[in-house]
Each structure stands twice: as C-alpha cells, then as structure tokens.
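J.: Protein sequence lines correspond, in order, to chains E and P.
Yeah, the first sequence ends on 352 if you go by the UniProt record's numbering, and it's all consecutive.
Yeah, the second sequence ends on 352 if you go by the UniProt record's numbering, and it's all consecutive.
There are 2 protein chains.
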Amino acid sequence: MKPATLKQIAEQLNISISTVSKALKDYPDVSKKTKDLVNELAKDLNYKPNAFALNLRNKESKTIGLIIPEIVHHFFSSVIKGIISQAEEKGYLVIILQSNESYELEKKQIELLMNQRVDGILISLANGTADYAHLNEVLAQDKPLVMFDKIAKLVRCSKIVIDDRKAAYLATQHLIDTGCKRIAHFRGPLLPQNSIDRFLGYKKALEDNNIPYDPSLVYLCECGEHSFEEGKANAQKLLQDHNDVDGIFINTDLVAIGAINEFKKMGIKIPEDISIVGFSNWHMSSVISPSLTTIDQPGFLMGKNAFKQLHLEITNLKNNLPIVHQEIILQTDLLKRESTKDITAKKNKLHL
Amino acid sequence: MKPATLKQIAEQLNISISTVSKALKDYPDVSKKTKDLVNELAKDLNYKPNAFALNLRNKESKTIGLIIPEIVHHFFSSVIKGIISQAEEKGYLVIILQSNESYELEKKQIELLMNQRVDGILISLANGTADYAHLNEVLAQDKPLVMFDKIAKLVRCSKIVIDDRKAAYLATQHLIDTGCKRIAHFRGPLLPQNSIDRFLGYKKALEDNNIPYDPSLVYLCECGEHSFEEGKANAQKLLQDHNDVDGIFINTDLVAIGAINEFKKMGIKIPEDISIVGFSNWHMSSVISPSLTTIDQPGFLMGKNAFKQLHLEITNLKNNLPIVHQEIILQTDLLKRESTKDITAKKNKLHL
DNA sequence: GTTAGCACCTAAAACGTTTTCGTTTTTAAA
DNA sequence: TTTAAAAACGAAAACGTTTTAGGTGCTAAC
Chain E
1 MKPATLKQIA EQLNISISTV SKALKDYPDV SKKTKDLVNE LAKDLNYKPN AFALNLRNKE
61 SKTIGLIIPE IVHHFFSSVI KGIISQAEEK GYLVIILQSN ESYELEKKQI ELLMNQRVDG
121 ILISLANGTA DYAHLNEVLA QDKPLVMFDK IAKLVRCSKI VIDDRKAAYL ATQHLIDTGC
181 KRIAHFRGPL LPQNSIDRFL GYKKALEDNN IPYDPSLVYL CECGEHSFEE GKANAQKLLQ
241 DHNDVDGIFI NTDLVAIGAI NEFKKMGIKI PEDISIVGFS NWHMSSVISP SLTTIDQPGF
301 LMGKNAFKQL HLEITNLKNN LPIVHQEIIL QTDLLKREST KDITAKKNKL HL
Chain P
1 MKPATLKQIA EQLNISISTV SKALKDYPDV SKKTKDLVNE LAKDLNYKPN AFALNLRNKE
61 SKTIGLIIPE IVHHFFSSVI KGIISQAEEK GYLVIILQSN ESYELEKKQI ELLMNQRVDG
121 ILISLANGTA DYAHLNEVLA QDKPLVMFDK IAKLVRCSKI VIDDRKAAYL ATQHLIDTGC
181 KRIAHFRGPL LPQNSIDRFL GYKKALEDNN IPYDPSLVYL CECGEHSFEE GKANAQKLLQ
241 DHNDVDGIFI NTDLVAIGAI NEFKKMGIKI PEDISIVGFS NWHMSSVISP SLTTIDQPGF
301 LMGKNAFKQL HLEITNLKNN LPIVHQEIIL QTDLLKREST KDITAKKNKL HL
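1. Mark P/T172 as exposed unless 16 or more other C-beta atoms lie within 10 angstroms of its C-beta, in which case mark it buried.
2. Closest Cβ-Cβ distance between P/K2 and chain E: below 8 Å?
3. In this structure, how does DSSP classify E/R165 when only helix, strand and coil are distinguished?
4. Kindly give me the distance between the Cβ atoms of E/Y219 and E/A184, rounded to whole angstroms, as I take these residues to be in contact under 8 Å.
5. Under 8 Å between the Cβ atoms of E/K81 and P/I71?
6. Quick check on E/L238: does DSSP put it in helix, strand or coil?
7. Quick check: the Cα distance between E/I68 and E/K62, rounded to an integer number of angstroms?
8. Comparing alpha-carbon positions, which option in P/I96, P/M147, P/S289 and P/M284 lies nearest P/M302?
9. Could you tell me the alpha carbon to alpha carbon distance between E/I211 and P/T294, rounded to whole angstroms?
10. Between the C-alpha atoms of E/D343 and E/I274, what's the straight-line distance to the nearest angstrom?
11. Distance cutoff 8 Å, beta carbons only. Does P/A171 sit that close to anything in chain E?
12. Rounding to the nearest angstrom, what Cα-Cα distance links E/L312 and P/K32 in this structure?
13. Kindly list, in the order they appear in chain P, the residues whose Cβ is closer than 9 Å to that of E/S289.
14. Tell me whether E/Q98 sits in a helix, a strand or coil according to DSSP, three-state version.
15. Check whether the Cβ of P/V324 sits closer than 7 Å to any heavy atom of the ligand GTP, and report yes or no.
16. Tell me E/L93's beta-bridge partners as DSSP assigns them.
17. Give, in chain order, every residue of the UniProt domain "HTH lacI-type" (4-58) of chain E whose Cβ lies closer than 8 Å to some Cβ of chain P.
18. Tell me which residues share the same chain as E/L217 and place their Cβ nearer than 6 Å to its Cβ, disregarding the 5 neighbours each side in the sequence.
19. With DSSP collapsed to three states, give me the class of P/R117.
20. Tell me P/F186's beta-bridge partners as DSSP assigns them.
21. Helix, strand or coil: how does DSSP classify E/I176 here?
22. Counting only beta-carbon separations shorter than 8 Å, does E/V277 have a partner in chain P?
23. Going by DSSP, what residue range makes up the beta strand (DSSP E) through E/D333?
24. With a threshold of 8 Å between beta carbons, is E/L93 in contact with chain P?
25. Under the assumption that E/S280 contacts E/Q297 (Cβ atoms under 8 Å), give the Cβ distance between them as a whole number of angstroms.
26. Just to confirm my understanding: we take E/D36, look at its own chain, exclude 5 residues before and 5 after, and list those with CB closer than 8 Å. What are they?
27. Give me the residue from E/H226, E/L54 and E/T178 with the minimum Cα distance to E/I270.
28. Could you tell me the distance, in whole angstroms, from the CA atom of E/S16 to the CA atom of P/N319?
29. Pull up the CB-CB distance for P/I250 and P/V277, whole angstroms please, since I reckon it's below 8 Å.
30. Closer than 6 Å by C-beta to E/G65: which residues in its own chain qualify, once you throw out the five before and the five after it? Chain order, please.
31. Identify whether P/L330 lies in helix, strand or coil by the three-state DSSP scheme.
32. My guess is that E/A23 and E/N46 are in contact by the Cβ rule of under 8 Å, so how many angstroms apart are they, rounded?
33. Quick one: is P/Q116 near chain E, going by C-beta distance under 8 Å?
34. Thinking P/G201 and P/A152 are a contact (beta carbons under 8 Å), I'd like their distance in whole angstroms, please.
35. Starting from the beta carbon of P/K81, find every residue of chain E whose beta carbon is closer than 7 Å, and list them in chain order.
36. Skipping 5 residues on each side, what residues in its chain have a beta carbon closer than 8 Å to that of E/S21?
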C-alpha cells in the first residue's frame with residue numbers, strides 16, 4: 001500500500017490538514033483524543049512524510065554529493081566507505097559520481113550536483129584539473145565544499161589530506177637507511193598536488209642525506225588504468241639507462257608491483273639487488289611475493305573526516321554560525337615488508 | 001550568485017510567473033520578444049530550475065538507490081561503476097548504501113530509500129538475508145526493483161546474474177581436464193544463492209566425470225573481511241585431513257590467494273602438486289605468482305545491465321506500459337593461468 | 001460595426017508539507 | 001448569566017514549479 005498524505009488522513013477524520021500535521025508532530029495545541037485518532041489512522045494508511053515536499057519547504061535534502069576520480073580503486077573505495085558510514089550515522093544520503101580523471105566531466109558533475117541542490121559536496125580532484133572556477137563557484141553560492149586527497153591548495157575550503165611530502169620523505173629515508181645509495185623515483189602525473197609532494201619528499205630526503213639528486217632517475221607514470229604495465233615498462237627503461245640503481249620509491253603500489261614482476265622475470269632479486277617502496281598499501285601488496293614495503297594511506301579515516309567536516313559546515317551554515325575552514329592532515333604509516341632489506345634485524349642479530 | 005526563481009524573473013519583467021515558465025520552455029504562445037527578455041534575464045540572474053519543486057510536481061527525482069553488501073571489493077566496485085556510468089547517460093543519479101552483509105541494515109536502508117522516494121532500487125543481497133518481506137514490500141508499492149549477483153529466486157522481479165553453477169562446473173571440469181583426480185572445494189557461506197550454485201556446479205562436474213563426491217573435501221569460508229586468512233587456515237586443515245588432494249576449486253580469489261601463499265610456504269608446488277582455480281578475477285589474481293586461474297565475473301557489464309533494466313521498468317511504469325521481469329544471465333570466462341597445469345600445451349608439444 | 005480568429009498573456013490549482021496567526025469552542029471564575 | 005482565560009482547531013501562506021483554462025486586445029473580414 002502506497003503511503004498516504006496528510007490530506008487523505010484529514011479527509012477521513014473530517015479535520016484539517018494542519019491539525020493532522022500537528023498531531024503527528026505532537027504539538028501541544030492538539031487534544032490527546034485527536035492525536036490518538038490521527039496516529040492510528042496514519043499507521044493504517046501507511047503515512048510517510050513526502051521527502052520531496054519536505055525538501056522544498058526546508059530547502060535541504062539531507063543529501064550530499066561525492067565526486068571521485070575512480071571508484072574501482074582500493075584507496076578510493078575505502079574513502080567512499082568511510083564517507084557513507086559517517087553519513088548514515090548523521091542521517092545523510094550520498095550521491096556518488098565518478099569523474100574518470102576528467103576535468104570536463106568533473107565540471108559537469110559539479111553543476112549537476114548544484115542543480116540537484118545537494119546540501120554539500122565532497123570532492124577529490126581529477127588529475128587533469130588545473131582550473132578551479134567551478135569549485136570557487138560552489139563556494140560563491142555558499143554551498144559547503146570539502147576536498148580530500150587530491151586537493152587544490154588555492155581553493156579556500158576545508159581539506160583532508162595526508163602529508164604526502166613527509167610520507168615520501170620517510171619512504172626514501174627508509175631506502176637510504178637500509179643501505180641504498182642510488183635511488184630512482186617513479187613519479188605520478190605532473191599536475192596533482194600529491195604526486196608533486198611525493199616527488200618533493202623524495203628529493204628532500206636525498207638532499208638531507210647528501211645524495212645528489214639526478215633528474216634522469218625520475219620516471220613519469222600516468223598511474224591510471226595501465227599502472228601495472230607502466231611499472232613493467234619503466235622497470236625495463238630504468239635498467240637500460242642505469243645499471244647501478246639499488247632502490248626505487250614508486251608513486252603507487254600497482255606500478256611498483258608491475259616493476260617487481262618485471263624485475264623478477266629479468267632475474268633481478270628484490271630486495272637484494274633492488275629495494276622497492278610503494279605507496280597507498282593496496283590490498284594486494286601484502287599478498288604478493290615479495291610483499292611490498294609501502295605507505296599506508298588511511299582511506300576509511302579520510303572519508304570519515306571529510307564527511308564530518310562537511311557536516312559541521314552544513315549545520316553551521318544552517319544555524320548562521322561562522323564557518324572555519326580546516327586543513328586536517330592524517331597520519332600515515334610506513335609498512336616495512338619484504339621488498340626492502342631489514343637491516344635493523346641484521347643489526348640486532350649482530351648484537352646477540 | 002545563488003540561482004533565481006521564476007518569481008524573481010517575473011517581478012523584474014513585470015509579467016506573470018506562468019509566462020516566464022512558458023518562455024523558458026519555448027511554448028508557442030509566448031512572443032519572441034518576451035522569450036528573449038526572459039532568457040536573457042534568466043541567464044543574468046543565474047536561473048536554475050529548483051529540483052525540489054520539480055520532484056514534488058513530477059513525483060519523480062531522477063534518482064535511484066543502490067544497496068550493496070560491501071564497497072571495498074573489486075567485483076562490487078566494478079558493478080557500481082557500471083551502474084553509475086549508465087545512470088549518467090540517462091540523466092539519473094545514484095544514492096549508494098552499504099549493507100555490510102547485514103540483513104537488519106539492509107531492511108532499514110530499503111525503508112530509507114522508499115521514504116526518500118527514489119525512482120527505483122538496485123540491490124545485491126546481504127549474505128544473511130533469508131526473509132524477503134522488505135523486498136516484496138517495495139514491489140507491492142509499485143516501485144521498480146532489480147536484483148543482481150546475490151539474488152533471491154523467490155522474489156518476483158528482474159535479476160541480473162551470471163550462471164554460477166555453470167561457471168563452477170567449467171572451473172571444476174578444467175581441473176579434471178588438466179589431470180586432477182581428487183578435487184577439494186572451499187565453498188562460500190551457506191545462504192546466498194551463488195555460493196550454493198557454485199557448490200552444485202562443482203558437485204555436478206565430479207559426478208559427470210565419475211569422480212565420487214566426498215563431503216569431507218568441502219570446506220566452508222565466510223568470504224568476508226578475513227578471506228585471505230581463511231584461505232591460509234583452510235589450506236592447512238586440508239593438508240592435515242587429506243594428503244592426496246591434487247586440485248581445489250575455491251569460491252573466491254582472495255581465499256585462493258591465501259591458500260596459495262600458505263602452500264608455497266609449506267613447500268607445496270602450484271600447480272605441480274596442487275592445481276587451484278579461484279572465482280571473480282580480482283585484479284591481484286593476474287599479478288601474483290603463480291598467477292591464478294579463475295572465473296572472470298563481468299562486474300561492469302552487470303552494473304550496466306542492472307541499471308538498464310531498472311530504467312526500462314521505471315519508464316514503462318511512468319508510461320503505463322506493462323512491466324516484464326527479465327532474468328538476464330551474463331557470460332563468464334574461464335581464465336587459464338599458471339595455477340593450473342596447461343596440459344593442452346604439453347599435448348601439443350607431443351604432437352610436434 | 002459586429003464578429004471571428006489570432007496572438008499573447010495570466011489566474012489558479014496542484015504537488016505535500018509546516019507554521020503563524022486567527023477563530024471557535026470549552027472550561028472555570030465572577 | 002456573563003466574562004475571561006484556556007484549549008482545540010483551522011485558514012492561509014509559503015516553498016518553486018507546470019499546465020489548464022480562461023481571459024485580453026488586436027486584426028481582418030463581412
């Protein structure tokens with residue numbers, strides 16, 4: 001049986017719509033008798049408040065929009081899970097769109113969400129996004145916007161990120177600590193802030209350890225659908241160009257795994273000949289052999305925080321409270337596994 | 001600048017709201033002059049039709065709901081991607097909820113979506129779902145509902161599935177064809193139809209090849225968060241119970257990978273000592289060593305088809321056309337890789 | 001100079017709520 | 001019995017659209 005409306009209840013009881021509405025919301029100026037009658041009939045007729053009408057009246061939909069570059073991706077799907085779990089707790093629904101790493105699509109989708117009048121927007125930018133007008137437009141219309149992971153520093157809104165630079169620094173430092181002298185880097189695309197930051201972290205670690213930075217040791221990856229193949233290809237190129245490399249810090253796990261597979265095929269031993277550190281801690285990284293040393297990126301937590309911040313801004317906006325933009329930096333972990341040498345273990349053995 | 005309303009445009013031009021509405025929709029009974037004025041001002045004032053008002057009037061939101069057991073999962077996230085891509089094409093938005101394999105949550109979420117008045121619902125059932133009242137309620141309210149992958153046969157709605165039984169049969173047959181004589185099965189949970197079907201396919205293949213079915217060779221897996229550990233544990237148990245097993249058909253890839261890793265650790269060679277076939281073709285299955293022979297499950301295609309069918313039913317309902325429930329069975333592929341012996345290759349060599 | 005026809009425009013209802021403000025009815029006090 | 005206060009109810013506007021049905025005012029034809 002389809003939900004009834006206030007009108008239908010009112011007609012059956014010969015009272016006004018207003019009274020029905022008030023009765024259901026337990027207003028004090030409705031008699032106990034009427035309330036009982038209304039509540040009973042409401043149950044019988046399967047009354048459910050019409051969300052469309054409520055949205056129109058309240059000018060809010062308890063719905064937010066989420067734009068993400070790629071859904072089939074361990075990190076991003078973890079973020080989605082974090083967002084949805086938190087949204088559910090606060091009674092919000094999430095509309096998800098996928099930008100496919102395309103700036104054009106991203107722009108369209110922002111418009112779509114604005115026209116849909118969602119209460120707020122969460123976004124992780126496409127790699128191609130270099131112009132931020134569409135994002136500023138959102139803010140100009142007083143619609144809460146929170147960015148996560150792939151952010152634009154210049155846009156004045158809240159951001160949830162990890163410290164990519166620091167994580168990359170630690171990853172590179174770990175290679176150095178385990179004895180690597182000549183360290184290559186497979187970097188991500190040129191635009192997004194986080195692949196820039198990872199590159200900078202790598203470079204800084206070298207400098208701080210008096211290892212000269214050599215641009216020819218840096219290889220570019222799209223880090224898109226063909227990451228695995230890119231890893232293999234770069235591994236081959238690297239060996240042709242430089243036969244003295246003993247460590248690689250790689251922008252993302254799947255590329256690293258491609259490289260490992262290629263090296264294994266060529267008879268190069270990991271980590272004895274070359275040590276490798278990846279980034280993101282994809283599920284498969286712990287499962288392959290040798291397992292991959294990598295940076296754990298807390299996707300679920302990032303999603304949770306992103307929604308929390310957005311929710312805060314939505315409620316503050318509603319209550320005319322000031323909105324303070326936050327930049328939240330989440331902790332990352334270096335997970336030491338088999339693809340790097342465990343020198344500390346050796347050291348400990350010597351001490352025994 | 002926030003979007004203006006028809007009213008604001010009407011006031012500024014000193015004409016009625018109706019005329020503004022018609023002008024924007026290019027009705028024939030509005031003069032060219034007025035249309036031009038309206039369109040210009042509409043652009044200037046950033047007019048965007050209010051979605052809330054439209055929903056209320058049209059009794060539709062161009063939004064569908066999707067309930068899925070788990071988002072961080074290669075197969076399911078592929079399905080989501082398929083659904084979203086198709087929805088975008090037809091101008092629909094997708095609200096995603098995650099049931100966490102919980103029947104209780106699933107029930108609540110169905111109610112949420114019904115109250116939200118989505119135009120239709122897509123669902124893949126939680127493992128624990130054995131009661132279908134909540135689903136029948138959706139249908140009773142004339143709301144289009146399409147199930148995919150994890151379905152309930154008894155619910156009268158459209159379904160998009162693969163032929164789990166046939167796929168499992170082919171997987172098992174492949175083990176037999178490559179010389180396995182004693183084949184174990186790591187099966188999925190007891191309730192969902194697809195893990196039952198995979199078990200049945202396994203059993204049937206044995207029978208058709210005159211291999212006696214031995215229940216003690218069937219091991220249970222939750223196939224949840226700890227699939228990898230389950231695979232390892234089951235591998236150990238299997239070796240203790242039966243030292244003569246030479247092939248295993250495993251309900252899902254991650255369990256299979258756990259088993260492979262454990263076997264490798266114990267010095268058992270894959271596929272020489274034991275051949276293994278998984279299910280679902282997780283990304284990592286092609287990347288590990290030995291790569292895993294598995295059944296490719298077309299997630300993206302399934303998502304596309306699920307939305308297409310739902311969309312068909314939504315539009316038919318709107319146009320008072322009859323709704324015909326479909327059961328669409330998608331093709332699967334057996335991907336032969338390193339975890340099973342390639343006997344045909346050997347045969348071919350002999351023929352040379 | 002009436003009338004038909006046309007071009008253009010508007011009023012108003014409807015979608016389903018909520019809430020303010022006013023009106024009616026009841027109760028209690030004078 | 002009158003009056004004041006309290007209790008219970010309802011009318012109406014508002015949110016922003018669309019569309020039907022009904023005007024206007026004009027031109028052209030008789």
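Using N, Cα and C, we set each Cβ at its ideal position, and we do this for glycine too.
T.: The short version:
1. By the Cβ neighbour-count rule, P/T172 is buried, with 16 or more other Cβ atoms within 10 Å of its own.
2. Cβ-Cβ to chain E under 8 Å: yes for P/K2.
3. Here E/R165 sits in helix by DSSP.
4. That belief holds up - the Cβ atoms of E/Y219 and E/A184 are roughly 7 Å apart, short of 8 Å.
5. The answer is yes: Cβ separation under 8 Å.
6. In the structure shown, E/L238 falls within a helical segment according to DSSP collapsed to helix, strand and coil.
7. Roughly 20 Å separates the two Cα atoms.
8. The candidate whose alpha carbon is nearest that of P/M302 is P/M147.
9. Rounded to whole angstroms, E/I211 to P/T294 spans 46 Å at the Cα level.
10. At residue 343 of chain E the sequence reads Ile, which differs from the Asp that was named. Each residue's alpha carbon lies about 14 Å from the other.
11. It does not: the Cβ of P/A171 has no partner Cβ on chain E nearer than 8 Å.
12. Distance between the alpha carbons of E/L312 and P/K32 is about 47 Å.
13. Result: N261, K264, I288 and S289.
14. Here E/Q98 sits in strand by DSSP.
15. Here there are no bound small molecules, and the ligand GTP is not part of this structure.
16. Under DSSP, E/L93 shares a beta bridge with E/T63.
17. For the UniProt domain "HTH lacI-type" (4-58) of chain E, the set of positions with a beta-carbon nearer than 8 Å to some beta-carbon of chain P reads K48, P49, N50, A51, F52, A53, N55 and L56 in chain order.
18. Same-chain partners within the cutoff: A184.
19. In this structure, P/R117 counts as coil in the three-state DSSP scheme.
20. DSSP lists P/Y219 and P/I250 as partners of P/F186.
21. Helix at E/I176.
22. No, E/V277 lies away from the interface with chain P (no Cβ there is under 8 Å from its Cβ).
23. Counting along the chain, the beta strand (DSSP E) containing E/D333 begins and ends at D333 to L335.
24. At least one CB atom of chain P sits nearer than 8 Å to the CB of E/L93.
25. Sure, about 5 Å apart at Cβ, within 8 Å.
26. Correct list: empty, nothing qualifies.
27. For E/I270, the closest C-alpha among the options E/H226, E/L54 and E/T178 is that of E/T178.
28. Going by the C-alpha atoms only, they are around 34 Å apart.
29. Between P/V277 and P/I250 the Cβ distance is about 7 Å, and since that is below 8 Å, they are a contact.
30. Taking C-beta separations shorter than 6 Å and ignoring five residues to either side along the sequence, the partners of E/G65 in its chain run I95, L113, V118 and I121, following chain order.
31. In the structure shown, P/L330 falls within a strand segment according to DSSP collapsed to helix, strand and coil.
32. About 17 Å separates the beta carbons of E/A23 and E/N46, which is beyond the 8 Å limit, so they are not a contact pair.
33. For P/Q116, the nearest CB of chain E lies under 8 Å from its own CB, placing it at the interface with that chain.
34. About 19 Å; that fails the 8 Å criterion.
35. Here the neighbours are I71, V72 and Q98.
36. Apart from the 5 residues on each side of it in sequence, E/S21 sits with its Cβ closer than 8 Å to the Cβ of L6 in its chain, given in chain order.
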